[in-house]
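Down below is the structure, laid out as structure tokens.
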Amino acid sequence: VSLVSEDLEVPSHGRLLDIIRSTGPVSRIELAERTGLTRASVSNIVRVLLERGFVDEVGLADSRGGKRRTMLAISPAARFGIGIHLKADQITYVVTNMAGGMVGRQQGRGARDQSPAIVVARIAHETETLIDKLGLPPAAVVGIGIVAPGPIDYAAGKISGLPTLVDWSEYPLREELSQATGRPVVVDKDATAAAIGEFWGGRVDVPLSFACLYMEQGIGSGIVVDGSAFRGSASNAGEIGHVSLDFRGPPCRCGNRGCLENFASPVAVVRNARASGFPLGPPEEISDSQAFDEIARLAVNHDPAARKLIEDSAAYVAEGAVSLVNMTDLDLVVLAGPGFAIAGAIYVEFIRDALNERAFARKTHGVDVKLSTTSRDAAAVGASALVLQRVLAPRA
Ligand SMILES: [Zn+2]
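Residue numbering for the sequence shown follows the numbering used here, beginning at 242 and increasing consecutively.
And the structure:
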């Protein structure tokens with residue numbers, strides 16, 4: 242299955258589509274001004290976008306004193322992407338349109354305790370059932386983005402980061418899922434996907450570079466530079482959770498010692514809570530993510546012990562954010578993922594203060610901190626954005 246069946250071939254095509262998608266109705270002249278392309282080039286590219294049905298002409302806008310201009314807008318229902326967040330305990334499926342809007346969502350049993358081949362057959366079946374249930378023309382679905390916690394091998398289309406899913410590290414996930422569904426498939430890391438999802442959904446203005454801190458069981462980040470994911474060699478860039486704060490500290494699952502994740506992640510918060518006698522159900526009855534949500538809920542409602550646990554975590558995450566900003570010199574950090582869904586406002590406050598006080602370039606420029614609007618589903622929504630971008634608006 243070709244991944245490039247609908248590629249617009251030329252990166253400037255994708256760039257124009259990105260601007261039309263993220264800024265809303267825009268004229269050809271404004272597109273030329275924003276991209277530096279000639280008006281003739283813009284007209285040629287727009288003709289391709291119109292022919293493929295990706296954009297529509299949406300009437301005329303008054304321009305100051307001159308001719309009235311035809312405006313262009315994205316045609317949201319022209320194409321759809323499938324985003325899948327693969328985890329041991331649960332698999333989340335979302336369908337988004339070309340504007341990044343969610344048009345469908347479902348959850349299925351996780352990948353634990355079954356061989357990759359059986360899980361992939363089930364994913365293929367559940368995906369096609371969802372497309373069918375939503376009544377989408379199968380040909381309008383451009384492909385599938387499937388994401389998991391890292392490390393992953395982007396070029397090989399494999400995941401190898403799930404300690405609970407050891408069989409997957411040699412399994413050719415991209416090829417097998419593509420074969421099972423007959424659709425293009427992109428395999429990437431959850432945090433990278435969340436970052437591209439923010440960008441593609443128009444929640445972050447283009448052209449813009451920013452970092453997305455992603456917190457679920459662990460802590461990662463995705464870095465977007467001028468609309469493209471910064472992946473590094475195999476799409477494992479941004480592993481801020483495995484920056485060591487104490488190289489003689491406790492061993493981490495990654496092989497390093499004293500990693501940020503061991504002090505700040507939801508799993509660490511729950512471990513600290515249990516160690517301090519904080520009242521939570523027994524571990525066999527309440528999962529770490531449920532326990533963390535409970536602590537976060539109490540923290541938001543001013544329970545002092547819960548507040549202290551979350552603030553300790555937020556202080557560590559803020560240190561990670563300072564390092565992330567110092568390494569990248571970016572001026573926007575978006576917080577996404579289930580870990581920020583309830584007590585995100587507390588994290589925003591700690592991160593904002595830390596960056597104002599301690600970021601290396603704080604006297605040169607400020608750094609904005611925002612909460613994602615799709616916190617819980619950020620990785621799945623982002624996975625869909627990844628395949629939409631890869632197929633419709635490829636970057637270089
Ligand atoms: Zn680590």
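Think of the CB as a built atom: it goes at the ideal place given N, C-alpha and C, for glycine as much as any other residue.
(Q) Going by DSSP in three states, Leu258 sits in which element: helix, strand or coil? (A) On the sequence shown, residue 258 is found 17 positions in, with the first residue counted as 1. Three-state DSSP puts Leu258 in a helix.
Q: Identify whether Pro357 lies in helix, strand or coil by the three-state DSSP scheme.
A: Position 116 of the sequence shown, counting from 1, holds the residue named residue 357. Of the three classes helix, strand and coil, the one that applies to Pro357 here is helix, per DSSP.
Q.
Could you tell me the alpha carbon to alpha carbon distance between Leu454 and Leu501, rounded to whole angstroms?
A. Along the sequence shown, one-based indexing puts residue 454 at 213. Along the sequence shown, one-based indexing puts residue 501 at 260. About 13 angstroms.
Q. What do you reckon, is the C-beta of Asn477 under 7 angstroms from a heavy atom of ligand 1?
A. Here the question's residue 477 lines up with position 236 in the sequence shown. Incorrect: Asn477 has no Cβ contact closer than 7 angstroms to ligand 1.
(Q) For Asn338, which residues in the same chain have their Cβ closer than 6 angstroms to its Cβ, ignoring the five residues on either side in sequence? (A) As a working note, residue 338 is residue 97 in the sequence shown. For Asn338, where only same-chain residues beyond five positions count, the Cβ hits under 6 angstroms are Pro317, Ala318, Phe321 and Val344.
Q. If we ignore side chains and look at the alpha-carbon of each, how far apart do Ser243 and Ala555 end up?
A. Your numbering for residue 243 matches position 2 in the sequence shown. Your numbering for residue 555 matches position 314 in the sequence shown. At Ser243, the pLDDT of 39 sits below 50, so the modelled position is not reliable and the matter cannot be decided from this model.
Q. Who does Gln348 pair with in a DSSP beta bridge?
A. Translated into positions along the sequence shown, residue 348 becomes position 107. Note: Gln348 sits in a beta bridge opposite Thr333.
Q | ligand 1 heavy atom lying under 7 angstroms from the CB of Glu502 | A | The residue you call residue 502 lines up with position 261 of the sequence shown. Glu502 Cβ: within cutoff of ligand 1.
Q: Kindly examine ligand 1 and report whether one of its heavy atoms sits closer than 7 angstroms to the Cβ of Asn285.
A: Within the sequence shown, numbered from 1, the residue matching residue 285 stands at position 44. No; taking the cut-off as 7 angstroms, the Cβ of Asn285 has no heavy atom of ligand 1 nearer than that.
(Q) Can you find the residues in the same chain that come closer than 7 angstroms, C-beta to C-beta, to Gly300, ignoring five residues on each side of it along the sequence? (A) Taking the first residue of the sequence shown as position 1, residue 300 is located at position 59. If we look at Gly300 and ignore the five residues flanking it on each side, its Cβ neighbours are Met312.
Q: Identify which residue in Pro507, Gly438, Thr433 and Pro492 has its Cα closest to the Cα of Phe471.
A: On the sequence shown, position 230 is the one that residue 471 refers to. Looking at the Cα atoms, Thr433 is the closest of the given residues.
Q. Can you find a heavy atom of ligand 1 that lies under 7 angstroms from the Cβ of Asn513?
A. Here the question's residue 513 lines up with position 272 in the sequence shown. Incorrect: Asn513 has no Cβ contact closer than 7 angstroms to ligand 1.
Q. What separation, rounded to the nearest whole angstrom, lies between the Cα atoms of Ile325 and Phe581?
A. If you number the sequence shown from 1, residue 325 lands on position 84. If you number the sequence shown from 1, residue 581 lands on position 340. Ile325 and Phe581: Cα-Cα distance of roughly 20 angstroms.
Q: Could you tell me the distance, in whole angstroms, from the CA atom of Val447 to the CA atom of Val465?
A: Here residue 447 refers to the residue found at position 206 of the sequence shown. Here residue 465 refers to the residue found at position 224 of the sequence shown. Residue placement at Val447 cannot be trusted, given a pLDDT of 48 that sits under 50; the coordinates are not used to answer.
Q | DSSP beta-bridge partners of Leu313 | A | On the sequence shown, position 72 is the one that residue 313 refers to. Leu313 pairs with Val267 and Glu298.
Q) Can you tell me where the alpha helix (DSSP H) with Phe601 in it begins and where it stops? A) Indexing the sequence shown from 1 puts residue 601 at position 360. Segment: none, Phe601 is in no alpha helix (DSSP H) and carries neither H nor E.
Q) How big is the Cα-Cα spacing for Gly585 and Asn597? A) Here residue 585 refers to the residue found at position 344 of the sequence shown. Here residue 597 refers to the residue found at position 356 of the sequence shown. Computed Cα separation, rounded: 18 angstroms.
Q | Candidates Gly341, Asp572 and Thr614: closest to Ala604 by CA position | A | As a position in the sequence shown, residue 604 is number 363, starting the count at 1. According to the sequence displayed, residue 604 carries Lys and not Ala. The option with the nearest alpha carbon to Lys604 is Asp572.
Q) Tell me which same chain residues have a C-beta within less than 7 angstroms of the C-beta of Thr569, skipping the five on either side of it? A) As a first step, residue 569 must be located in the sequence shown, where it is residue number 328. Excluding positions up to five away in sequence, the list reads Ala452 and Ile464.
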